[in-house]
Amino acid sequence: MIIRKPATIIVSALLAVCAFSEVVFGRQLTNVRHARQIVQTPLFETGSFVRNPGTLAIPHLQTLFQKTTGDVQIKSIVKYGGDFEAYWKASQKIRVGKAFESYEVYQANRKLERLGKTERLVITAVEGMPHHPADVVMIDKAGKVKRQFQNKLSPSEARKALNEPKYADMTIVTTRDSLDHIRSDLKKETLRARARGRPLPPNLHEVKKALADGRLTDELLPGLQARSRNQLDAITKEHTRRLFKSASKNIKIMRFTSSTITSPMRGTARVVMRASSPTMKNIGKPTLKTLGKVIGVADLAFICYQTQSDWRRYSSGEIGGGAMSAKFALRGGEVAIAILLLSPDPGTKLIVVGIAASIIIVGSDVSLDIFIDQKNKRKQQLLKNIESDERFHVVHQQIIDELEKL
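Counting in this note's numbering, the sequence shown runs from 2 upward without gaps.
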């Protein structure tokens, strides 16, 4: 009896281990099979899985539109001379086609959320697959693709898509006016065929079947009718105009930045870039060394002139103590660079670094002067406001407070 008890315990333990192993390895095998199924199924095909869809992470329609259609390129603005209407005329068809996806998906997902449904729609272009046959796919809570959609704007494109192999088993979605046009044409052809005692042509029979089955529709979701082409054009144009204005502002900023750099500074920068390039290393050494000496002397002359000018402006109250301290710090850097450039043999790399640093410091000095001038102009304008109207003491006090802050 004493011997049987340990033996019974050992046997029971072995049976438990076997049972546990079967459960664990059984689950692992199931997971492996599930993983193989995910890998073997092409992305965005029915039955595949979409992980962490980017479409659902975009909360605003304008952002989704921008992701789907792309930004307005600066080179395009330059090409059309800043004329939005000319740009819109050239890009309208492509942009409206892409925007069709973003508008309808955005509205459909909002409706699904309101209804408490777990399904969602994602745009393949936003997910990094702009050339996938399906424009939109519906996924369940686990990310599994349940349906595929192909969006077509015009009636002819929608009809043609029904017979294209790459769109097989996909739902063809078009605009409400395009679908009305397709139905109207089908009705006319049906009456004509009956009058002649002939059957419908095969292509029209396919259209009739697709309409009846719901494969050709103007709804991503039941009851959510797509916009008309005119509505899409108007909305897309407005969103594109915003992107166009934003890109135009970037051009203005670039032009302003470029205009603050003087022509000699641009010329010096070009010489530095050429001299530092591999093809100019050998033949550019004497020229670069001479250029360094010239810039070193020019730096000293600039330091003397600018210091006198700054001291005069400081004495007259045009420059405050903080700005003067900043200018003296810049001046110290300029002196150090001038000494480096005027040294007997600083070396090619140090000359290049010194010239580049000189350009940066001079540019900073000029930018600081521009800022100070703008600040002084604002002060003068505020003083004129005080002198021109002495009746509103409260306003005067506010202006004085602004002056004290400056």
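All residues carry an ideal CB built from backbone N, CA and C; glycine is no exception.
- [ ] Please state whether DSSP places T175 in a helix, a strand or coil.
- [x] Stepping through the sequence shown from its first residue, residue 175 is reached at position 174. Looking at T175 - three-state DSSP - the assignment turns out to be coil, as it is neither helix nor strand.
TODO: Return the CA-CA distance between L292 and Q67, expressed in angstroms with no decimal places.
DONE: The residue you call residue 292 lines up with position 291 of the sequence shown. The residue you call residue 67 lines up with position 66 of the sequence shown. Inter-residue distance for L292 and Q67 is about 48 Å (C-alpha atoms, whole angstroms).
Task: R111, enclosing alpha helix (DSSP H) - first and last residue - done: The count along the sequence shown starts at 1 and reaches residue 111 at position 110. That run of the alpha helix (DSSP H) goes F85 to R115.
Task: Own chain partners of A358 with C-beta closer than 8 Å, once the 5 adjacent residues on each side are dropped - done: In the sequence shown, counting from the first residue as 1, residue 358 sits at position 357. Same-chain partners within the cutoff: G334 and I338.
- [ ] Identify every residue that forms a DSSP beta bridge with F150.
- [x] Numbered from 1 along the sequence shown, position 149 holds the residue referred to as residue 150. V137 and T172, per the DSSP bridge assignment.
Task: Assigned exposure category for K110 - 16 Cβ within 10 Å defines buried - done: Numbered from 1 along the sequence shown, position 109 holds the residue referred to as residue 110. In the sequence under discussion, the amino acid at residue 110 is Asn, which differs from the Lys named in the question. N110 should be labelled buried.
Task: Separation of L187 from V208, as counted between CA atoms - done: If you number the sequence shown from 1, residue 208 lands on position 207. If you number the sequence shown from 1, residue 187 lands on position 186. Going from the Cα of V208 to the Cα of L187 covers about 8 Å.
Open item on the list: On a Cα-Cα basis, can you pick out the residue from L122, F85 and V146 that is closest to L44?
Closed with: Indexing the sequence shown from 1 puts residue 44 at position 43. The alpha carbon of L44 has as its nearest neighbour, out of L122, F85 and V146, the alpha carbon of V146.
- [ ] In the DSSP assignment, find the unbroken alpha helix (DSSP H) run with E220 in it and report its ends.
- [x] Your numbering for residue 220 matches position 219 in the sequence shown. Taken as a continuous stretch (DSSP letters only), E220 belongs to no alpha helix (DSSP H), being part of the beta strand (DSSP E) at E220 to L222.
TODO: Would you mind stating whether L154 and S103 have Cβ atoms separated by less than 7 Å?
DONE: Translated into the one-based positions of the sequence shown, residue 154 becomes position 153. Translated into the one-based positions of the sequence shown, residue 103 becomes position 102. With a cutoff of 7 Å on beta-carbon distance, L154 and S103 are scored as not near each other.
- [ ] Assign E105 to buried or exposed, taking buried as 16 or more other Cβ atoms, counted over all protein chains shown, within 10 Å of its Cβ.
- [x] Locating residue 105 in the sequence shown gives position 104, counting from the first residue. Its Cβ being crowded by 16 or more others within 10 Å, E105 is buried.
Task: Rounded C-alpha distance that separates R421 from N231 - done: What is shown of the chain runs 2 to 407, which leaves residue 421 out entirely.
Task: Local conformation of I124 per DSSP, three classes - done: Along the sequence shown, one-based indexing puts residue 124 at 123. For I124, the secondary structure class from DSSP, reduced to helix, strand or coil, is strand.
TODO: Compute the beta-carbon to beta-carbon distance between T69 and A100, rounded to the nearest angstrom, for a pair I have assumed lies under 8 Å.
DONE: For this step, residue 69 is matched to residue 68 along the sequence shown. For this step, residue 100 is matched to residue 99 along the sequence shown. About 7 Å separates the two Cβ atoms, so the contact holds.
- [ ] Express the C-alpha separation of I59 and Y107 in angstroms, rounding to a whole number.
- [x] Taking the first residue of the sequence shown as position 1, residue 107 is located at position 106. Taking the first residue of the sequence shown as position 1, residue 59 is located at position 58. Distance between the alpha carbons of Y107 and I59 is about 9 Å.
TODO: Please report how far the alpha carbon of L192 lies from the alpha carbon of N251, in whole angstroms.
DONE: The residue you call residue 192 lines up with position 191 of the sequence shown. The residue you call residue 251 lines up with position 250 of the sequence shown. Approximately 58 Å, taken between the alpha carbons.
Task: Sequence-distant residues of the same chain with beta carbon closer than 6 Å to L217, five excluded per side - done: Counted from its first residue, the sequence shown places residue 217 at position 216. For L217, where only same-chain residues beyond five positions count, the Cβ hits under 6 Å are I173 and A211.
TODO: Would you kindly check if the distance between the Cβ of K167 and the Cβ of P134 is under 7 Å?
DONE: Residue mapping note: residue 134 aligns to position 133 of the sequence shown, counting from 1. Residue mapping note: residue 167 aligns to position 166 of the sequence shown, counting from 1. The answer is yes: Cβ separation under 7 Å.
Open item on the list: Considering just the uninterrupted stretch of the alpha helix (DSSP H) at S326, what are its terminal residues?
Closed with: As a position in the sequence shown, residue 326 is number 325, starting the count at 1. It spans G322 to L343 - the alpha helix (DSSP H) in which S326 sits, taken as one unbroken run.
Open item on the list: Whole angstroms are fine: how far does the CA of T56 sit from the CA of G129?
Closed with: The residue labelled residue 129 in the question sits at position 128 within the sequence shown. The residue labelled residue 56 in the question sits at position 55 within the sequence shown. Each residue's alpha carbon lies about 10 Å from the other.
Open item on the list: Taking the alpha carbon of T237 as the reference point, which residue from I373, T308, H132 and W89 has its own alpha carbon closest?
Closed with: Translated into the one-based positions of the sequence shown, residue 237 becomes position 236. Residue W89 is the option with its Cα nearest to T237.
Task: Cα-Cα separation, V79 to H132 - done: As a first step, residue 79 is located in the sequence shown; it is residue number 78 there, counting from the start. As a first step, residue 132 is located in the sequence shown; it is residue number 131 there, counting from the start. In this structure, the straight-line span from the alpha carbon of V79 to that of H132 is close to 28 Å.
Open item on the list: In whole angstroms, give me the CA-to-CA distance for N152 and V137.
Closed with: The residue you call residue 152 lines up with position 151 of the sequence shown. The residue you call residue 137 lines up with position 136 of the sequence shown. Rounded to the nearest whole angstrom, the C-alpha separation of N152 and V137 is 8 Å.
- [ ] Compute the beta-carbon to beta-carbon distance between F245 and V73, rounded to the nearest angstrom, for a pair I have assumed lies under 8 Å.
- [x] Here the question's residue 245 lines up with position 244 in the sequence shown. Here the question's residue 73 lines up with position 72 in the sequence shown. Contact flag correct, Cβ pair sits at about 5 Å.
Open item on the list: Can you find the residues in the same chain that come closer than 8 Å, C-beta to C-beta, to E220, ignoring five residues on each side of it along the sequence?
Closed with: Numbered from its first residue, the sequence shown carries residue 220 at position 219. Taken in chain order, the residues that qualify are V174, Q226 and A227.
Task: First and last residue of the uninterrupted alpha helix (DSSP H) at R160 - done: Start at 1 with the first residue of the sequence shown, and residue 160 comes out as number 159. P156 to A162 is the extent of the alpha helix (DSSP H) around R160.
- [ ] Would you kindly check if the distance between the Cβ of T119 and the Cβ of K142 is under 7 Å?
- [x] Taking the first residue of the sequence shown as position 1, residue 142 is located at position 141. Taking the first residue of the sequence shown as position 1, residue 119 is located at position 118. In contact: K142 and T119 (Cβ atoms closer than 7 Å).
- [ ] Please say whether S179 and P200 have beta carbons closer to each other than 7 Å?
- [x] As a working note, residue 200 is residue 199 in the sequence shown. As a working note, residue 179 is residue 178 in the sequence shown. Not closer than 7 Å, so no.
- [ ] Report back the beta-carbon spacing between K294 and L369 to the nearest angstrom; my notes put them in contact at under 8 Å.
- [x] Translated into positions along the sequence shown, residue 294 becomes position 293. Translated into positions along the sequence shown, residue 369 becomes position 368. That pair is no contact at about 27 Å.
Task: Best match in T47, H61, F85 and E46 for proximity to E239 [C-alpha to C-alpha] - done: Start at 1 with the first residue of the sequence shown, and residue 239 comes out as number 238. Residue F85 is the option with its Cα nearest to E239.
TODO: Just the C-alpha distance for S259 and A327, rounded to the nearest angstrom, thanks.
DONE: By one-based count along the sequence shown, residue 259 stands at place 258. By one-based count along the sequence shown, residue 327 stands at place 326. Any reading at S259 must be qualified, since the residue scores a pLDDT of 48, below 50, and its modelled position is unreliable; the value itself is stated next. Computed Cα separation, rounded: 23 Å.
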